[in-house]
Amino acid sequence: MTEPAARPPVAEDPSWVDLIWVQFGKRKIARGALFGLLGLLLLAIYAPLLASNKPLLWRVADGPLSSPWLLSLFDRNFFENGVDLFFNALLVCVSLLGLPAAWAWRRAATLPRAARGARRARLLLGGIGALLLTLGLNAAAPQARPKEVYPALQAQLEAQGTPVLAVYPPLPHSFRDGVLDQARARPSAAHPLGTDAAGRDVLVRLIFGARISLTIGVFAVSLYISIGTVLGALAGYFGGRVDLVIQRLIEVVICVPSLFLILSVAAFIEDRSIFHIMVIIAAVAWTTPARLVRAEFLRHRNLDFVAAARAIGYPQHTIIFAEILPNTLGPVLVSATFGVASAILTESTMSFLGLGDITVPSWGQMLNAGRTTSEWTLILAPGFAIFVTVSLLNLVGDGFRDAIDPKLRR
Amino acid sequence: MRQSGQSTLLFISLGLLTTINVINSWQIDHLERLAIEDSARLAAIEAQLRAGVPVSGAATTTAAGPAARSAQEAEALADPKNLLRAPTRPRVRAAQVSPGRTLRMQIGQDPQGLNPLIAKGADVNEYSTYFNAFMATRDIGEPERWVPDLAVKVTTDDDLRYRIELRKGVHWHRPAVDWASGRYDWAKGPGPDDRQPFTAHDVVFTLDAIRNTQTAGRVSDLRTYFEPVVAYRAVDDHTLEIQFKEKAYTNRSALFEMPIIPRFLFSVDEDGKPFDAATWGLKLNEHWYNQKAIGTGPLQFVSWEPGVKMEFARDPHYFGEPVAYDRLLMSVVKDQNAWPRKLKAGELDFIYLQPEQFKTEILDDKDGVLLDNPAIKRADFSLFNYFYVGWNADRPKFADKRVRKAMTLSFNRAGVLEKVLYNQGALTSGPFPQQTPCYDKSVQPLPFDLEAAKALLTEAGWTDTDGDGVRDKVIDGQRVPFTFTLITFGSSSEYETIASTWREDLLQIGVQMQPLPLEWSAMLKKMDERDFDAFTGAWVTTWEADLMQLWHSAEADKPKSGNRIGFRNAEADRIAEALRLEFDEAKRVELCHAFHRLVAEEQPYTFFYQRERTVLYWEHLNALEFLQIPPHRDVRLFSFNQPASP
Chain U
196 MTEPAARPPV AEDPSWVDLI WVQFGKRKIA RGALFGLLGL LLLAIYAPLL ASNKPLLWRV
256 ADGPLSSPWL LSLFDRNFFE NGVDLFFNAL LVCVSLLGLP AAWAWRRAAT LPRAARGARR
316 ARLLLGGIGA LLLTLGLNAA APQARPKEVY PALQAQLEAQ GTPVLAVYPP LPHSFRDGVL
376 DQARARPSAA HPLGTDAAGR DVLVRLIFGA RISLTIGVFA VSLYISIGTV LGALAGYFGG
436 RVDLVIQRLI EVVICVPSLF LILSVAAFIE DRSIFHIMVI IAAVAWTTPA RLVRAEFLRH
496 RNLDFVAAAR AIGYPQHTII FAEILPNTLG PVLVSATFGV ASAILTESTM SFLGLGDITV
556 PSWGQMLNAG RTTSEWTLIL APGFAIFVTV SLLNLVGDGF RDAIDPKLRR
Chain G
-12 MRQSGQSTLL FISLGLLTTI NVINSWQIDH LERLAIEDSA RLAAIEAQLR AGVPVSGAAT
48 TTAAGPAARS AQEAEALADP KNLLRAPTRP RVRAAQVSPG RTLRMQIGQD PQGLNPLIAK
108 GADVNEYSTY FNAFMATRDI GEPERWVPDL AVKVTTDDDL RYRIELRKGV HWHRPAVDWA
168 SGRYDWAKGP GPDDRQPFTA HDVVFTLDAI RNTQTAGRVS DLRTYFEPVV AYRAVDDHTL
228 EIQFKEKAYT NRSALFEMPI IPRFLFSVDE DGKPFDAATW GLKLNEHWYN QKAIGTGPLQ
288 FVSWEPGVKM EFARDPHYFG EPVAYDRLLM SVVKDQNAWP RKLKAGELDF IYLQPEQFKT
348 EILDDKDGVL LDNPAIKRAD FSLFNYFYVG WNADRPKFAD KRVRKAMTLS FNRAGVLEKV
408 LYNQGALTSG PFPQQTPCYD KSVQPLPFDL EAAKALLTEA GWTDTDGDGV RDKVIDGQRV
468 PFTFTLITFG SSSEYETIAS TWREDLLQIG VQMQPLPLEW SAMLKKMDER DFDAFTGAWV
528 TTWEADLMQL WHSAEADKPK SGNRIGFRNA EADRIAEALR LEFDEAKRVE LCHAFHRLVA
588 EEQPYTFFYQ RERTVLYWEH LNALEFLQIP PHRDVRLFSF NQPASP
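Here it is as structure tokens:
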């Protein structure tokens, strides 16, 4: 991270976060991978702007100018998945507030540390608030409108001699509407990666698949990190019987091969949505952070600062969650980045084995469809996407691991 | 230093030992294989000798044409009252017989067992036609004609009491047991090769087994047909009488096509001791011979290694036309993707192609040379089946026939058939096989027409009143949106594509459909409990049209019945009942056509398509011929155009 010239003259000790950030910045590959992930996130957020069969601008003859694209963003008949609605809300928020927020974030760097932290925390809370507000508004007044296939409508109107103005996104295909006549098309200018068995554009589905994969990765991992951290903290701090029970629970979960556990749990749920899949992944994967956190707690609980906190008379939950926990998060966060990658792989595996959610364009789903069609684009494209995402996440995780290791400091 | 030298020596000697061991076991393996080949060759020669065929030299005919049939049969066929008639053509042409050959085919899985009364499954039904004979069979050329098999003459005055004259001089195959041990001497009979004779008492025993409520398996399906039997008895060894309670068209086929099992074997335990009269039905379910086959058919059972292969050999004493080759070898190849490879490697003589293989091997084949080998040929045949979408008529949404029709109109069947199923079949508009006269060709499948579908839904009261793009209607005082769940057969990716395509089209007419892929067992459970809006299904049909099971309203109220969709229609009931009692072919066809028009109007199902199957085979087989009627594949029809290679 480059510091602006307007740095306050008083030199302050770099905080732990700053230290790690600087260390991370020195690892070029990891930094590149982080930018790659950021790009992937932007791609996921702005997917509808890249690919949609709803015109950005639409005018029939001399009628009013409208934007079916804008209206489609929160249309439950088009984006029926919660993940898409979330990302569309992100799209709106990032587009409207992104630049001012980034500017304010940079400005905060000139402030002294305490004020800077508070300012940035406010900014972060404000962003989350805006997102929740958008989602809340959307939930309070759900939008749904009759389905219209605009390219077909345009062709029909033009055949009747009515002039139509229609401006489409660069890829004028929808991730869900297929054109059967073009099923299994080879790559061409109109379909850069060809189409699948139902005549849907592969590239478009790949872009929208990034939303699904990233969501599954991030949400599943947040879920299991939360479970694992709490259980691990309790086991490590209290020890004794609590530790014994939690340890045995962990052993029970890890002694079952996770893929079989996942598959058998998935087989019980009849109407699987991707939220079920996240929960299933979380239900088997929480043991790793639990053991990490437990080990860290065992190390910390007898240190002086904990003794001091006890002497002051802090309640136990304060000692556990406010005093010790922040010190143990380093390894947990590193394992989380790897966890995101493995959650994406697990989802792909489940979808590949036909236990995913068939209505969403997830990469594993596409891979599964490709396997039966023996079209190379259908197999290679999602496979490559999974490979790139997982590699980026692993590189970032590697970078973080090195950055927090004092022995590897540069 | 010395130690490492020692261990090196140890490793070298270990390595040497391993190598020697490997070579040794390969040698033994090789010798063993040679020995097996030799003994197989000897067995083939022995079989030929027994069949009276010169062992060396080119193909010589042994098949007896229809002319050589017994005097008893000729006399019986001359009787105008006989329900059985002479076949239009023989199964085996004399010119095609090539001794010494083995027909090699693949089977996807092992059958449940080989007792055709107990083991369930289309595969056992098919194999039982190889080793078993029946009372009478449908003619190859004209399936409505019954030709003699084990029965030579069947007469009836009222279609209630049947008198059956059985063929004389027929013997059961020799059971495939370890004769040398002496344990099975009780099974020896007076016939050639110590065979037991086939008599009317075997038929009576089989009927006893079918009507015994202790028996389970396929027999429980057969039992429904034999419930209306009042009495049956063996008049003498070759004459049988059977009396039904009600006159029904299905009585004949039930009687003629029933699998028959030998009394001498299935009424006793492995040591020849008769079963207890109170529990013999239960004993039959787990009979010691259920994993082997016995019959009176053209091929006799040799061996079955589960998961590996099943072998049959030509029965030299078979009463009819013998098959054109000596042995039938069925290899169990579970991996369907391996079938084309095994064919190409020459391990199989013919294979079925799966739809995706049809695409890769035939549609994507640029040079027109199948599997890159000009000696491999292709044959196609149409199956007796149809695929459909069933609508739960007990649900208010689909009780209205206009709604069901709108669903059919919105399903792009032709497009899906072409693009997803590669035109491996033909669209169908009714429940009868298209090859039978029952199918009314004038009833065209409905077109794909979203505008017409919209109009029908509006007419049925489904309109989008709140502007959310989904039609709604007030049902029982509540405004319900038109959303439904379509249960699809989860093990096939084609259904997934079909469902997602249909889903988008349905949304255009304001209907929201949620596909739910389920495994077969879960799907069956839902259908049995009538817990569904709609499902994808398929029925295997028969030559004989019978509408009671699927379409009669009495079945709609029975649990787990075939009428899962709750179809209740007075006119359909009338036709189904009339069809049971009608014996005149022309009138039956008229009734079928009336029913076909009725379902086209009512749309209880969205009829989809009738599937075709593609077969690849080596050109050393004569052009493959398939039966019009299930099970379509009848290996007795297959023959080689070359004698065995020397």
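Residue numbers (our numbering), protein chains in the order written: chain U, 196 to 605; chain G, -12 to 633.
Note that CB positions come from ideal geometry on N, CA and C, so glycine has one too.
Bear in mind that the values here come from a model prediction, so they are computed numbers and not experimental data.
| query | result |
| --- | --- |
| Endpoints, the alpha helix (DSSP H) within which G:R91 is located | Looking at the DSSP string, G:R91 is not in any alpha helix (DSSP H); the run it does join, the beta strand (DSSP E), is 89 to 94. |
| Buried or exposed by the 16-neighbour rule on C-beta atoms within 10 Å, applied to G:P86 | buried |
| Extent of the continuous alpha helix (DSSP H) to which G:E558 belongs | 557 to 568 |
| Inside the segment 293 to 336 of chain U only - alpha helix (DSSP H) runs reaching at least 4 residues | 308 to 335 |
| G:G704 vs G:L433 beta-carbon contact at 7 Å | Any question about residue 704 of chain G goes unanswered here, given that chain G covers just -12 to 633. |
| For U:A517, the three-state DSSP class (helix, strand or coil) | helix |
| Same chain, Cβ closer than 6 Å to G:T186, five either side skipped, listed in chain order | D224 |
| Residue range of the unbroken beta strand (DSSP E) whose run includes G:G642 | Residue numbering for chain G in the displayed model covers -12 to 633; residue 642 of chain G lies beyond these limits and cannot be assessed. |
| Contact set between the segment 481 to 495 of chain G and chain U, restricted to residues whose Cβ is under 7 Å from the partner | E483, T484, S487, T488, E491, L494, Q495 |
| Whether G:E152 touches G:V139 by CB criterion (7 Å) | yes |
| CB contact below 7 Å: G:A50 versus chain U | Any reading at G:A50 must be qualified, since the residue scores a pLDDT of 40, below 50, and its modelled position is unreliable; the value itself is stated next. No, G:A50 lies away from the interface with chain U (no Cβ there is under 7 Å from its Cβ). |
| Selection from U:P556, U:S530, U:L429 that minimises the alpha carbon distance to U:S468 | U:P556 |
| Opening and closing residue of the beta strand (DSSP E) in which G:T186 lies | First-last for G:T186: undefined, no H or E at that position. |
| Segment contact flag, the segment 275 to 292 of chain G with the segment 158 to 172 of chain G, C-beta cutoff 8 Å, min 3 pairs | yes |
| Beta-carbon contacts of G:C425 that lie in its chain and below 8 Å, excluding the five residues immediately before and after | F419, A532, R575, V576, C579, H580, H583 |
| Close Cβ partners of U:L214 (< 6 Å) along its chain, the five nearest in sequence each way excluded | none |
| Residue environment, G:W267, which counts as buried when at least 16 other CB atoms sit within 10 Å | buried |
| CA-to-CA distance, G:L137 to G:D165, given in whole angstroms | 28 Å |
| Length at least 3, wholly inside the segment 319 to 407 of chain G: the beta strand (DSSP E) runs in chain order | 337 to 340, 363 to 369, 372 to 378 |
| C-alpha gap between U:A361 and U:S369, whole angstroms | 15 Å |
| Three-state secondary structure assigned by DSSP to U:S261 | strand |
| Contact belief for G:E491 with U:D372 at Cβ below 8 Å, rounded distance in angstroms | 5 Å |
| Euclidean distance between Cα positions of G:I485 and G:T143 | 50 Å |
| Option in U:Y509, U:A478, U:V255 with minimal Cα separation from U:P346 | U:V255 |
| Neighbour flag for U:R605 against chain G, beta carbons, 7 Å | no |
| Residue from U:L548, U:L245, U:L233, U:L332 with nearest C-alpha to U:D659 | As displayed, chain U neither begins before 196 nor continues past 605, which places residue 659 of chain U out of reach and without an answer. |
| C-beta contact flag for G:A106 and G:Q99 at 7 Å | yes |
| Buried/exposed call for G:A50, threshold 16 Cβ in 10 Å | Unreliable positioning characterises G:A50 in this predicted model, as indicated by a pLDDT of 40, which lies under 50. The coordinate reading is nonetheless provided below. That one is buried. |
| Beta-carbon spacing of G:W326, G:Q93 below 7 Å | yes |
| Nearest neighbour of G:F613, chosen from G:D387, G:F368, G:A521, G:A221 [CA to CA] | G:F368 |
| Sequence-distant residues of its chain with Cβ nearer than 8 Å to G:V206 (five each side left out) | L104, I105, A196, I197 |
| is_contact[G:G244, chain U] using C-beta, thresh 7 Å | Per the sequence presented here, residue 244 of chain G reads as Glu, with Gly not at that position. So, not an interface residue. |
| Backbone CA spacing between G:L(-3) and U:E446 [nearest angstrom] | 42 Å |
| At least 3 beta-carbon pairs within less than 8 Å: the segment 462 to 470 of chain G vs the segment 302 to 319 of chain U | no |
| Separation of G:W489 from G:G456, as counted between CA atoms | 16 Å |
| Start and end residues, alpha helix (DSSP H) containing G:R148 | That residue, G:R148, is in no alpha helix (DSSP H); its beta strand (DSSP E) goes 148 to 153. |
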